[in-house]
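Participant: Numbering (the numbering used here), first residue to last: 96 to 339.
This is the structure I have questions about; it appears just below.
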Amino acid sequence: MRVLGVDFFDGNVEKAINKSQKGGLVVAPSGPGLASDLPCSEAYRLALTNAELVLPDSGLVCLWLKLVSKGSLRRISGLEFLKVLLGSTKLQDSSFWVMPNKSQAEANIAWLERKHKYSIESKSVYHAPMYPKTGFLEDQELLARIKSQDYKYVFIQLGGGVQERLGLFLQKHLNKKTTIVCTGAALAFLSGQQIRIPKWADKYYLGWLIRCMSDPLIFVPRYLSAFRLFWLLFRYGKESPVKA
96 MRVLGVDFFD GNVEKAINKS QKGGLVVAPS GPGLASDLPC SEAYRLALTN
146 AELVLPDSGL VCLWLKLVSK GSLRRISGLE FLKVLLGSTK LQDSSFWVMP
196 NKSQAEANIA WLERKHKYSI ESKSVYHAPM YPKTGFLEDQ ELLARIKSQD
246 YKYVFIQLGG GVQERLGLFL QKHLNKKTTI VCTGAALAFL SGQQIRIPKW
296 ADKYYLGWLI RCMSDPLIFV PRYLSAFRLF WLLFRYGKES PVKA
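Printed below as a string of structure tokens:
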């Protein structure tokens, strides 16, 4: 279903998993990302419009479709998608992980080993540098690391607005059968590096509230900016806010 020029996946999480296994870029754009990055960042917009699978992570978009546009779109959060993918797919020796820093990498890998019995070697983990906040991204070192082995999955565990642009770069240079999963902080929620989002909160679109309560100084301004999404949805609906 098209919203703001982006074709969101319309179906349940199991069908989303099956679609992702064919390869390509998987993104789960948040409300703040759609509100702030979509109108201003060409790289972000191209990542979303060229992705093979765009998950309807934003509860605001789903509610708008239901209450205003008379449409219907089942929300699939990045957290839900990652949990089901990790629990249903054999990733041993076939996954590469891009982490924000060494400490989160160690905690996340330890959780994966403990919870899912994965044994992830250091060569399959990459500590991302500080990427530019705007513009198109390139990381030739990362690309070379991934190409050194035939990985089926590449998981990018970075912040929104960055991970999509990096995913776009990798999509252009990797095998079409490689699945590039951009689910941001989802793994950090599971491993306890960020506050855990209860299942009921994720189900009822309240993950943002849990995050705001955990760290108001960081998350309240971020989610307040998402209110601009209301205006974009009413103004543009299915159409892109940016003329290509």
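Backbone N, C-alpha and C fix where the C-beta goes; we use that ideal spot for every residue, glycine too.
1. Among all the DSSP beta bridges, which residues are the ones paired with valine 121?
2. Please go through the same chain and pick out, in chain order, the residues whose beta-carbon is closer than 7 angstroms to the beta-carbon of tyrosine 331, but skip the five residues on each side of it.
3. On a Cα-Cα basis, can you pick out the residue from Trp159, Leu265 and Gly154 that is closest to arginine 358?
4. By Cβ distance, which residues of its chain are closer than 7 angstroms to lysine 333, with the 5 residues on each side in sequence left out?
5. Grab me the residues of valine 257's own chain with a C-beta within less than 7 angstroms of its C-beta, minus the 5 sequence neighbours each way, in chain order.
6. Do leucine 162 and phenylalanine 103 have their CB atoms nearer than 8 angstroms?
7. Out of curiosity, what's the CA-to-CA distance linking leucine 150 and phenylalanine 250?
8. Which residues mark the beginning and the end of the beta strand (DSSP E) in which tyrosine 221 is found?
9. Quick one: what's serine 115 bridged to in DSSP?
Facilitator: In terms of the structure at hand:
1. The sequence position of residue 121 within the sequence shown is 26, counting from 1. Paired residue(s): Leu148 and Val276.
2. For the purposes of this step, residue 331 is identified with residue 236 of the sequence shown, where counting begins at 1. Correct list, in chain order: Leu99.
3. The structure shown does not extend to residue 358, since the chain spans only 96 to 339, so no value can be given for it.
4. Locating residue 333 in the sequence shown gives position 238, where the first residue counts as 1. Closer than 7 angstroms at the Cβ level, and outside the excluded window around lysine 333, lie Arg97 and Val98.
5. The count along the sequence shown starts at 1 and reaches residue 257 at position 162. Correct list, in chain order: Tyr226.
6. Position 67 of the sequence shown, counting from 1, holds the residue named residue 162. Position 8 of the sequence shown, counting from 1, holds the residue named residue 103. No, the pair does not count as a contact, with Cβ atoms beyond the cut-off.
7. Position 55 of the sequence shown, counted from the first residue, corresponds to residue 150. Position 155 of the sequence shown, counted from the first residue, corresponds to residue 250. If you take the alpha carbons of leucine 150 and phenylalanine 250, they lie about 15 angstroms apart.
8. In the sequence shown, counting from the first residue as 1, residue 221 sits at position 126. Run containing tyrosine 221: 220-222, per the beta strand (DSSP E) assignment.
9. Locating residue 115 in the sequence shown gives position 20, counting from the first residue. According to DSSP, which records beta bridges pairwise, serine 115 is partnered with nothing at all.
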